[in-house]
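Step one of this worksheet: look at the structure below.
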Amino acid sequence: MKKSKFLASIFVVIAAVLLFSVSAYAAETLYTYGKYKYTLTENNTVKIIKYTGTSKTVTIPAEIDGKAVTHIGELVFGETCPTRKVIIPDCVTTIENAFDSSNVETVEIGSGVTEIETDAFYGAWKLEEIIVSDENSAY
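Residue numbers for the sequence shown, in my numbering: -12 to 126.
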(Lines of atoms letter the chains of each structure in order from A and count residues from 1; the text may use other names and numbers.)
(Lines give C-alpha, C1' and ligand atoms only; values in the text may rest on other atoms or scores of the structure.)
Protein backbone atom coordinates (compact mmCIF):
# COMPACT_ATOMS: atom_id res chain seq x y z
CA MET A 1 0.00 0.00 0.00
CA LYS A 2 2.80 2.42 0.89
CA LYS A 3 4.52 1.68 -2.41
CA SER A 4 1.43 2.55 -4.49
CA LYS A 5 0.91 5.82 -2.55
CA PHE A 6 4.54 6.68 -3.12
CA LEU A 7 4.24 5.92 -6.85
CA ALA A 8 1.01 7.92 -7.05
CA SER A 9 2.75 10.87 -5.37
CA ILE A 10 5.65 10.68 -7.83
CA PHE A 11 3.19 10.57 -10.73
CA VAL A 12 1.38 13.68 -9.44
CA VAL A 13 4.67 15.58 -9.06
CA ILE A 14 5.84 14.61 -12.56
CA ALA A 15 2.47 15.55 -14.06
CA ALA A 16 2.55 18.94 -12.30
CA VAL A 17 6.08 19.66 -13.51
CA LEU A 18 5.18 18.72 -17.09
CA LEU A 19 1.99 20.75 -17.01
CA PHE A 20 3.82 23.80 -15.63
CA SER A 21 6.59 23.45 -18.24
CA VAL A 22 4.14 23.25 -21.13
CA SER A 23 2.01 26.14 -19.88
CA ALA A 24 5.06 28.33 -19.25
CA TYR A 25 6.31 27.68 -22.77
CA ALA A 26 2.90 28.27 -24.32
CA ALA A 27 2.44 31.51 -22.37
CA GLU A 28 5.24 33.28 -24.26
CA THR A 29 3.44 35.23 -26.96
CA LEU A 30 5.26 36.66 -29.96
CA TYR A 31 4.31 40.22 -30.95
CA THR A 32 5.22 42.36 -33.95
CA TYR A 33 5.87 46.08 -33.95
CA GLY A 34 7.03 47.45 -37.28
CA LYS A 35 10.23 45.62 -38.11
CA TYR A 36 10.66 44.18 -34.62
CA LYS A 37 9.45 40.90 -33.18
CA TYR A 38 9.27 40.81 -29.40
CA THR A 39 7.98 39.09 -26.29
CA LEU A 40 7.11 40.47 -22.88
CA THR A 41 9.31 39.79 -19.86
CA GLU A 42 7.89 38.73 -16.50
CA ASN A 43 8.09 42.42 -15.51
CA ASN A 44 5.87 43.37 -18.48
CA THR A 45 8.70 45.05 -20.36
CA VAL A 46 9.78 44.34 -23.93
CA LYS A 47 12.43 41.85 -25.02
CA ILE A 48 13.25 42.31 -28.70
CA ILE A 49 13.93 38.94 -30.29
CA LYS A 50 14.31 39.83 -33.98
CA TYR A 51 14.87 42.77 -36.29
CA THR A 52 13.42 42.04 -39.74
CA GLY A 53 14.23 45.32 -41.48
CA THR A 54 16.95 46.25 -43.94
CA SER A 55 18.22 49.55 -42.53
CA LYS A 56 21.97 50.00 -42.30
CA THR A 57 21.55 52.01 -39.07
CA VAL A 58 19.02 50.90 -36.46
CA THR A 59 18.03 52.80 -33.33
CA ILE A 60 16.27 50.44 -30.93
CA PRO A 61 13.07 52.13 -29.74
CA ALA A 62 12.87 53.06 -26.06
CA GLU A 63 9.23 51.93 -25.96
CA ILE A 64 7.03 49.56 -27.90
CA ASP A 65 3.28 49.69 -27.44
CA GLY A 66 3.73 51.80 -24.28
CA LYS A 67 6.16 49.37 -22.63
CA ALA A 68 9.86 50.01 -22.00
CA VAL A 69 12.34 48.02 -24.08
CA THR A 70 14.71 46.45 -21.54
CA HIS A 71 16.19 43.41 -23.28
CA ILE A 72 17.86 42.73 -26.61
CA GLY A 73 17.50 38.97 -27.07
CA GLU A 74 19.35 36.22 -28.89
CA LEU A 75 20.31 36.53 -32.56
CA VAL A 76 18.34 39.75 -33.08
CA PHE A 77 20.82 40.82 -35.77
CA GLY A 78 21.77 37.48 -37.32
CA GLU A 79 24.12 36.86 -40.21
CA THR A 80 21.51 37.65 -42.88
CA CYS A 81 20.65 41.07 -41.39
CA PRO A 82 22.25 43.93 -43.37
CA THR A 83 22.42 46.31 -40.37
CA ARG A 84 25.85 47.86 -39.78
CA LYS A 85 25.19 50.17 -36.82
CA VAL A 86 22.93 49.65 -33.79
CA ILE A 87 22.09 52.33 -31.24
CA ILE A 88 20.77 50.97 -27.93
CA PRO A 89 18.78 53.41 -25.75
CA ASP A 90 19.30 54.09 -22.05
CA CYS A 91 16.26 52.01 -20.98
CA VAL A 92 17.81 48.73 -22.16
CA THR A 93 19.40 46.83 -19.27
CA THR A 94 20.34 43.47 -20.82
CA ILE A 95 22.02 42.43 -24.07
CA GLU A 96 21.95 38.71 -24.78
CA ASN A 97 23.84 37.19 -27.72
CA ALA A 98 22.06 39.61 -30.04
CA PHE A 99 25.00 40.13 -32.39
CA ASP A 100 26.12 36.51 -32.81
CA SER A 101 27.46 36.13 -36.37
CA SER A 102 26.07 39.54 -37.35
CA ASN A 103 27.33 42.05 -39.91
CA VAL A 104 27.20 44.89 -37.38
CA GLU A 105 30.27 47.13 -37.34
CA THR A 106 29.33 49.65 -34.63
CA VAL A 107 27.23 49.36 -31.46
CA GLU A 108 26.36 52.32 -29.24
CA ILE A 109 25.34 51.21 -25.75
CA GLY A 110 23.20 53.46 -23.53
CA SER A 111 23.62 54.25 -19.87
CA GLY A 112 21.15 51.64 -18.58
CA VAL A 113 22.90 48.48 -19.75
CA THR A 114 24.08 46.54 -16.72
CA GLU A 115 24.35 43.06 -18.22
CA ILE A 116 26.02 41.97 -21.44
CA GLU A 117 26.12 38.22 -21.90
CA THR A 118 29.52 36.69 -22.56
CA ASP A 119 28.62 35.65 -26.10
CA ALA A 120 26.79 38.87 -27.06
CA PHE A 121 29.27 39.56 -29.85
CA TYR A 122 30.43 36.02 -30.58
CA GLY A 123 31.15 35.59 -34.28
CA ALA A 124 30.59 39.29 -35.02
CA TRP A 125 33.77 39.42 -37.08
CA LYS A 126 32.91 42.76 -38.71
CA LEU A 127 32.52 44.54 -35.36
CA GLU A 128 34.95 47.46 -35.24
CA GLU A 129 33.64 49.70 -32.49
CA ILE A 130 31.61 49.55 -29.29
CA ILE A 131 30.75 52.97 -27.89
CA VAL A 132 29.48 53.03 -24.30
CA SER A 133 27.68 56.05 -22.87
CA ASP A 134 29.77 58.10 -20.44
CA GLU A 135 26.86 57.81 -17.99
CA ASN A 136 27.01 54.00 -17.96
CA SER A 137 28.48 53.07 -14.57
CA ALA A 138 28.59 49.33 -15.30
CA TYR A 139 30.87 49.51 -18.34
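Positions of the beta carbon are idealized from the N, C-alpha and C atoms, including for glycine.
Take the Cβ of TRP112 as the centre, count every other Cβ of all protein chains shown within 10 Å, and call the residue buried at 16 or more, exposed below.
exposed
Terminal residues of the continuous beta strand (DSSP E) containing VAL94?
93 to 96
Taking only the alpha-carbon atoms, compute the straight-line gap between LYS24 and ASN30 and give it to the nearest angstrom.
18 Å
Go ahead and pull the three-state DSSP assignment for ILE59.
strand
One question on the structure: do ILE117 and ILE75 come within less than 8 Å of each other, judged by their Cβ atoms?
ILE75 sits away from ILE117, with the two beta carbons spaced by 8 Å or more.
What span of residues does the beta strand (DSSP E) with LEU27 cover, start to end?
23 to 27
Given a threshold of 16 other Cβ atoms within 10 Å of its Cβ, counted over all protein chains shown, does ALA107 qualify as buried or as exposed?
buried
By DSSP, does THR70 sit in helix, in strand, or in coil?
coil
My understanding is that ALA49 touches CYS78, with C-beta atoms under 8 Å, so please give their C-beta distance in whole angstroms.
That belief holds up - the Cβ atoms of ALA49 and CYS78 are roughly 5 Å apart, short of 8 Å.
Is THR19 near LYS54, with beta carbons less than 8 Å apart?
no
For ALA118, list the residues DSSP reports as bridge partners.
Position check: residue 118 holds Ile in this sequence, whereas Ala was assumed. According to DSSP, ILE118 bridges with GLU95.
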